[in-house]
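A.B. asks: Sharing a structure here in C-alpha cells format.
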Ligand SMILES: Cc1ncc(C[n+]2csc(CCOP(=O)(O)OP(=O)(O)O)c2C)c(N)n1
Ligand SMILES: [Mg+2]
C-alpha cells in the first residue's frame, strides 16, 4: 500500500482513476486504523492513542512529492504519510500501539515510543549507514511540540552543504543536494519559540525545507484565538515571503480537504524548493479531528455543535469521496464496496499484530507456569505458590511484568529451601530479566565498532624545544587539521566564522576552509543544536558551537529531548554523532560563570560530557570523537585560552580517551576529585597543604559521562582512605553525582576511614567580580580548610583547629 509518485506527464483516464482510487483507499485505510486504534485503547489492549484522522488527504499529496533521499521531520499526525511512502503497514501501526518490542514488527522504535512517533532506519543492524539516497527517510519523532523543528533545519542544510561543498563523499547521503527536508507541525505548536526560531533561521540560510502546518484550529482544547495572532499563521508570517529583490520563503495556503489543489500545491512546493533551495511554507487550513485530540479526552467537551457539524462536513475523506463521485471517477456503490474491503483488511491486520505481540509472551508464560508448577509440587509452601501460578494463568493477556512478578514472588516462599525446581526458577528469572531488560535499555550509546569508548589514547608528542603557546593556538591548529582531514566536518555558531570564535580558537579557519564549513550563525542556541542534529543525521560531522556554557540552557531542551534520546528511541537505527563545543567554568557573574554541570549531566544521558582541564586535552577529545559515532558535549575552560601550553607535534592525531580519569598529583593522605578550571585551585590548595604536612592526591575526572570506567578513583581511595569531591557547581549537582559514582558504582565505602565529603558552591548563582567569585565558589582557602578539617578530625593533635 503506497501512493504513486506523480512522475508521468500524460496519463489515461484509467490510470488517473486507478491512482485516485488508490489514494482514496489509503486515506480510508488510515482512517480505519485510527478508528480501530482508539477502540484498542478504550478496551485496554493499548495504553494511549494519538492518530492522524482528519489529516489524511494532504499527507497523500505530500507523499507524492516526496522523493528518495528526502527527509521528514514531523509529528504524531503523520501516519497517512508514512503509509503512503510505504513505511507503515496496518500491522506495524497496531504493533506500535501495543508497544511490540520486536523491531521487525514495530520498526519505529521497537515499542519504546508511544504509537504515532514515526521513523525509518538510517542504520543497519550493525550500526552502519544505509544508502539514504535510495530510500525515503523519516527522522524519529519526539513528543515535545515543535521539538521537530530545530532538527528539520539541519536536515535541510545538509542538502546545501552537499550541493556546495566539494570533496565530501556523499554516496550514502545525497545526490547533488537535491533532497528536501519536509517538516510538519500542528497549528497550535507554531506558538512555540522553536517554530519561530527555525522559520527565521531557514529563511536566513535559504535551505530546501518545506514545512506543512496542519491547521485544525485547535491545540487539544485551546482554540486558535488563544494561540495565534489573527488566528492565522501564514497571515502573520507574510513578511517572510520572498520577492524579486529579497530572499525569503514561498508561502502557500490550501484547504486540507481539497484533493486536486493539494496535489498541485505540493508539486509546486517541491519543485521550487528542490531546484532553487528555497524554504517553503504550506499552510494547510480547514482540517479536522474526527475523534478529537487523542484517546485521553473527547472533543465534544470543547467544540460546539456548529463546529462539530462543520468538521463532519469538511472531513477531508468525506470531501474526497464526494469529489470522486462528482467527477464520475467512481460511484457511491464502488466506493462503499471498497470501504467494506478496507474495513476487513484493517481488522485482519490488527488481529495479526495482536497475535505477533502476544504469542511470544504466551510462550514465555507457558515456561514460567511449568516452573511454578514444579516448584509448588516440591515446596512446603506449595499452596501459596500454586495460587500465584493460578492467578497468573487466569490472566487472559499477560504481560511480561505479570510473568516476572509471579516468578519473583514465588522465590520468597522457598527462601529457606533448596531444590532443583528452585534453581530452575532462579535461572529462568535471571535469564529472563537479562534478555527483556535489553529490549528496554539497549542503545543508549552506540553499540557499533565506532563507539567512542573503543578509541584508545594517543598521547600528544612534543619536539625537544616545543613552543609554549596560548591554549587557543593548540585548539586552532587542531581544528585546522580536523577540517583538512575530515571533509565532512564543519563548525558553526555565534562569532565562530569571520572572527574565528570569541577566543580565537578558529582564527583564520573560515578564510582557509570556506564560509560553509566555518560559519557564523544567528543568536539562536536551540536551532544551532538542531542544525547539528539534522546534519549529523545525514552523514556530516558537524560541530555546533554554543558560545558559553551558561547559554546552553536554551539548547538543553533539544539536547535532552532529541539528541540524547535519538539512538535509544530508534533502538540503534538512527544516530546523530554531533559534537557540541562550548566553554565555561570559573569566570564571574551570574551568567558568565558556567557551572551548572549537575543540571547538564542529569538531563543529557546518552551524550558524552567531557570537561578537559586544558586545550590539549580538549583537542584530544575532538580527535577521539571524530573517529567515533556518538554525540558529545565538550566544555572548554573559559579561563584557559591564554594560558600557556606546549604545542604538540602530532596535532590532529593525539587522542584523549573517554571515560578515563587522570591522576595529576600523587599523594598519600586524601584523594581530591575535581575537573575543569577548579582543578587549578585544587592544585594550588594541594601545594599549600603540603607545607603543613598534608599530602593530597588529585584526580582529574576529565569525563563526567561516562565516569571513570576503570574505577581508578577507588584504587586511589584504597591507598588514601579519604576522599573529597570539589566542584564549582551547587551542592547536590555534579559533586553529588561524582560521589554517588564513587560510593555506589565503585564501592569505596569499605576503604574509607573518614566521612566522604563534597565541597561545592553557594546555592545562589555566582556573583560578579573577584570578591563575588571568592564568596560564591570554593576558593583555595575553602579547599585548604575543608581538607585540613578532615585531617583535624583524624588527628587533632597534629592538625589543631584553624578557627
Ligand atoms: C512542549 C509540550 N507542551 C505540551 C504538550 C502536550 N500537547 C501535546 S499535543 C498538544 C497540542 C498540539 O496542537 P497542534 O500543534 O495544533 O497539533 P494537533 O494535535 O492539533 O494536530 C499539546 C498541548 C507537548 N506534547 N509538548
Ligand atoms: Mg491543531
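Numbering (the numbering used here), first residue to last: 499 to 1301.
From the three backbone atoms N, C-alpha and C, an ideal C-beta is built for every residue, glycine too.
Over what stretch of residues does the alpha helix (DSSP H) that includes residue 580 continue unbroken?
C.D. replies: Residue 580 sits at position 82 when you count from the first residue of the chain shown. That run of the alpha helix (DSSP H) goes 577-582.
A.B. asks: When you compare the CB positions of residue 519 and residue 501, do they come within less than 8 angstroms of one another, or not?
C.D. replies: As a first step, residue 519 is located in the chain shown; it is residue number 21 there, counting from the start. As a first step, residue 501 is located in the chain shown; it is residue number 3 there, counting from the start. Going by C-beta atoms, residue 519 is not nearer than 8 angstroms to residue 501.
A.B. asks: Can you round the beta-carbon distance between residue 973 and residue 1015 to whole angstroms, since I take them to be within the 8 angstroms contact cut?
C.D. replies: Against the chain shown, residue 973 aligns to sequence position 475. Against the chain shown, residue 1015 aligns to sequence position 517. So it is not a contact: roughly 16 angstroms between Cβ atoms.
A.B. asks: In terms of residues, what are the limits of the alpha helix (DSSP H) holding residue 1304?
C.D. replies: This structure cannot speak to residue 1304, because the chain is shown only from 499 to 1301.
A.B. asks: Starting from residue 1343, trace the beta strand (DSSP E) both ways and give me its first and last residue.
C.D. replies: It is not possible to answer for residue 1343, since the shown part of the chain is limited to 499 through 1301.
A.B. asks: Counting beta carbon pairs with one atom in the segment 645-653 and one in the segment 691-702, are three or more of them shorter than 8 angstroms?
C.D. replies: With the cut-off at 8 angstroms, the segment 691-702 and the segment 645-653 touch.
A.B. asks: What is the rounded straight-line gap between the Cα of residue 451 and the Cα of residue 980?
C.D. replies: With the chain covering only 499 through 1301, there is no way to say anything about residue 451.
A.B. asks: May I ask you to check if the CB of residue 476 is nearer than 7 angstroms to at least one heavy atom of ligand 2?
C.D. replies: No statement about residue 476 is possible, as the shown extent of the chain runs from 499 to 1301 and does not include it.
A.B. asks: Determine, using beta-carbon pairs with one atom in the segment 1229-1244 and one in the segment 1201-1213, whether at least three such pairs fall under 8 angstroms.
C.D. replies: Counting Cβ pairs under 8 angstroms, three or more are found: they touch.
A.B. asks: Grouping DSSP H, G and I as helix and E and B as strand, with all else coil, what is residue 1160?
C.D. replies: Looking up residue 1160 in the chain shown gives position 662. Residue 1160: strand per DSSP, three-state reduction.
A.B. asks: Tell me the DSSP secondary structure of residue 1040 in three-state form.
C.D. replies: Here residue 1040 refers to the residue found at position 542 of the chain shown. In the structure shown, residue 1040 sits in a strand (DSSP, three-state: E or B).
A.B. asks: Using a threshold of 8 angstroms, state whether the C-beta atoms of residue 1258 and residue 1225 are closer than that.
C.D. replies: As a working note, residue 1258 is residue 760 in the chain shown. As a working note, residue 1225 is residue 727 in the chain shown. A contact, by the Cβ cut-off of 8 angstroms.
A.B. asks: At 4 residues or longer, and completely inside the segment 1052-1116: list those alpha helix (DSSP H) runs for me, N to C.
C.D. replies: Segments of the alpha helix (DSSP H) lying fully in the segment 1052-1116: 1064-1067, 1095-1101.
A.B. asks: Any Cβ of chain B within less than 8 angstroms of the Cβ of residue 1069?
C.D. replies: Among the protein chains of the structure shown there is no chain B, as only one such chain exists.
A.B. asks: Exposed or buried, which one is residue 845 when buried takes at least 16 other CB atoms within 10 Å?
C.D. replies: In the chain shown, residue 845 corresponds to position 347, counting from 1. With fewer than 16 other Cβ atoms within 10 Å, it is exposed.
A.B. asks: With DSSP collapsed to three states, give me the class of residue 1201.
C.D. replies: Indexing the chain shown from 1 puts residue 1201 at position 703. DSSP places residue 1201 in strand when its eight states are reduced to three.
A.B. asks: Contact between the segment 577-597 and the segment 783-794 is defined here as three or more beta-carbon pairs at a separation below 8 angstroms; is this criterion met?
C.D. replies: Result no; under three Cβ-Cβ pairs closer than 8 angstroms.
A.B. asks: Expressed to the nearest angstrom, what Euclidean distance is found between the alpha-carbon atoms of residue 508 and residue 787?
C.D. replies: Indexing the chain shown from 1 puts residue 508 at position 10. Indexing the chain shown from 1 puts residue 787 at position 289. Answer to the nearest angstrom: the Cα atoms are 36 angstroms apart.
A.B. asks: Between the beta-carbon of residue 1018 and the beta-carbon of residue 1049, is there less than 8 angstroms?
C.D. replies: In the chain shown, the residue the question calls residue 1018 occupies position 520. In the chain shown, the residue the question calls residue 1049 occupies position 551. No, the pair does not count as a contact, with Cβ atoms beyond the cut-off.
A.B. asks: Could you check whether the Cβ of residue 643 sits closer than 7 angstroms to any heavy atom belonging to ligand 1?
C.D. replies: Along the chain shown, read from residue 1 onward, the residue named residue 643 stands at position 145. Yes, the Cβ of residue 643 comes within 7 angstroms of a heavy atom of ligand 1.
A.B. asks: Return yes when at least one heavy atom of ligand 1 lies under 7 angstroms from the C-beta of residue 712, else no.
C.D. replies: Your numbering for residue 712 matches position 214 in the chain shown. The answer is yes for residue 712.
A.B. asks: In chain order, which alpha helix (DSSP H) runs of at least 4 residues are fully inside the segment 719-781?
C.D. replies: Those alpha helix (DSSP H) runs which fall completely within the segment 719-781 and span 4+ residues are 731-734, 757-774.
A.B. asks: For residue 1169, does the count of other Cβ atoms within 10 angstroms reach 16, so buried, or fall short, so exposed?
C.D. replies: By 1-based counting over the chain shown, the position of residue 1169 is 671. Residue 1169 should be labelled buried.
A.B. asks: Any heavy atom of ligand 2 closer than 7 angstroms to the Cβ of residue 790?
C.D. replies: As a position in the chain shown, residue 790 is number 292, starting the count at 1. No; taking the cut-off as 7 angstroms, the Cβ of residue 790 has no heavy atom of ligand 2 nearer than that.
A.B. asks: Is it right to say residue 780 is buried, meaning 16 or more other beta carbons lie within 10 angstroms of its own, or is it exposed?
C.D. replies: The residue you call residue 780 lines up with position 282 of the chain shown. By the 10 Å Cβ count, residue 780 comes out buried.
A.B. asks: Between residue 575 and ligand 1, is there a pair consisting of the residue's CB and a ligand heavy atom that are separated by less than 7 angstroms?
C.D. replies: Along the chain shown, read from residue 1 onward, the residue named residue 575 stands at position 77. Result yes, Cβ under 7 angstroms from ligand 1.
A.B. asks: Given a cut-off of 8 angstroms, decide if residue 782 and residue 680 are closer than it, judged by their beta-carbon atoms.
C.D. replies: Residue mapping note: residue 680 aligns to position 182 of the chain shown, counting from 1. Residue mapping note: residue 782 aligns to position 284 of the chain shown, counting from 1. No, the Cβ-Cβ distance between residue 680 and residue 782 is not below 8 angstroms.
A.B. asks: Shorter than 7 angstroms, the distance from the beta carbon of residue 684 to the closest heavy atom of ligand 2, or not?
C.D. replies: Numbered from 1 along the chain shown, position 186 holds the residue referred to as residue 684. Residue 684 Cβ: within cutoff of ligand 2.
A.B. asks: Nearest-angstrom Cα distance between residue 1299 and residue 1287?
C.D. replies: As a working note, residue 1299 is residue 801 in the chain shown. As a working note, residue 1287 is residue 789 in the chain shown. Roughly 8 angstroms between the two C-alpha positions.
A.B. asks: Cβ of residue 922 within 8 angstroms of Cβ of residue 869?
C.D. replies: Locating residue 922 in the chain shown gives position 424, counting from the first residue. Locating residue 869 in the chain shown gives position 371, counting from the first residue. Their beta carbons are under 8 angstroms apart, which means residue 922 touches residue 869 by this criterion.
A.B. asks: Which residue or residues does DSSP assign as beta-bridge partners of residue 570?
C.D. replies: The residue given as residue 570 occupies position 72 in the chain shown. 636, 680.
A.B. asks: Residues bridged to residue 968 by DSSP?
C.D. replies: For the purposes of this step, residue 968 is taken as the residue at position 470 of the chain shown. Per DSSP, 1142.
A.B. asks: Tell whether a beta-carbon distance below 8 angstroms holds between residue 1035 and residue 1072.
C.D. replies: Numbered from its first residue, the chain shown carries residue 1035 at position 537. Numbered from its first residue, the chain shown carries residue 1072 at position 574. Against a cut-off of 8 angstroms, the Cβ pair of residue 1072 and residue 1035 comes out as a contact.
A.B. asks: Count Cβ pairs between the segment 654-667 and the segment 614-626 that sit closer than 8 angstroms; are there 3 or more?
C.D. replies: Contact between the segment 654-667 and the segment 614-626 is absent, because fewer than three Cβ pairs lie under 8 angstroms.
A.B. asks: Could you tell me which residues DSSP pairs with residue 1169 in its beta bridges?
C.D. replies: Here the question's residue 1169 lines up with position 671 in the chain shown. Residue 1169 pairs with 1195, 1221.
A.B. asks: Does ligand 4 have even one heavy atom less than 7 angstroms from the beta-carbon of residue 638?
C.D. replies: As presented, the structure is devoid of ligand 4, carrying ligand 1 and ligand 2 as its sole ligands.
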